[in-house]
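To get my numbering, take the position in the sequence shown, counting from 1, and add 51.
Don't be surprised by glycine CBs; every beta carbon is placed ideally from N, CA and C.
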Amino acid sequence: MARARNLAVAAAAGMTISAGLLASPAQAATDSFTLCAYPLNCSAASVSGSVNWDTNVLSATAVNNSYSSVTVTVTRASTTTRVTVLRGGRSTFTGAIAATDPSVQVRLCPAATTCTSVTLTRH
52 MARARNLAVA AAAGMTISAG LLASPAQAAT DSFTLCAYPL NCSAASVSGS VNWDTNVLSA
112 TAVNNSYSSV TVTVTRASTT TRVTVLRGGR STFTGAIAAT DPSVQVRLCP AATTCTSVTL
172 TRH
């Protein structure tokens, strides 16, 4: 139910988001995401990745083709991480999530007032 609510909020915000739950004895519980600077157009700037709730790891790649810089902020209860990507750049990053963190918010900001975000909730 929380996952459906997260997707509804993301869709209402006008962003492109892909999220899926992969769970079986052989696979880890994983949420995937994609945020774009412009709705339905990820060519200017985007961040995509996944959160593996079994291993408590977030992996993501941010790409910036248009802006002087974009900032990706990953917020969890235990800590906040920021990555800045300059025009023409790409940044791949991995971060630990505390086992007690109930959720992770990923935020893409090409400018201070035009951020898009998604919150992924532990399941």
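For S97, the three-state secondary structure derived from DSSP is strand.
D152 is not bridged by DSSP to any residue. Nearest neighbour of A111 by Cα position, chosen from T124, R138, P90, turns out to be T124. Burial state of P161 is buried, judged by a 10 Å Cβ sphere holding 16 or more other Cβ atoms.
For R127, the closest C-alpha among the options Y89, T170, T81, D82 is that of T170.
Using a Cβ-Cβ distance cut-off of 8 Å, the segment 103-119 and the segment 127-144 are in contact, since at least three pairs of beta carbons, one from each stretch, lie closer than that value.
Annotation: the continuous beta strand (DSSP E) that includes N115 extends over 108-115. The DSSP-derived three-state label of R127 is strand. When only Cα atoms are considered, T81 and A149 end up about 15 Å apart. Judged by DSSP in its simplified three-state form, R133 adopts strand. Here the alpha carbons of T132 and N92 stand approximately 25 Å from one another. Here the alpha carbons of G100 and A88 stand approximately 15 Å from one another.
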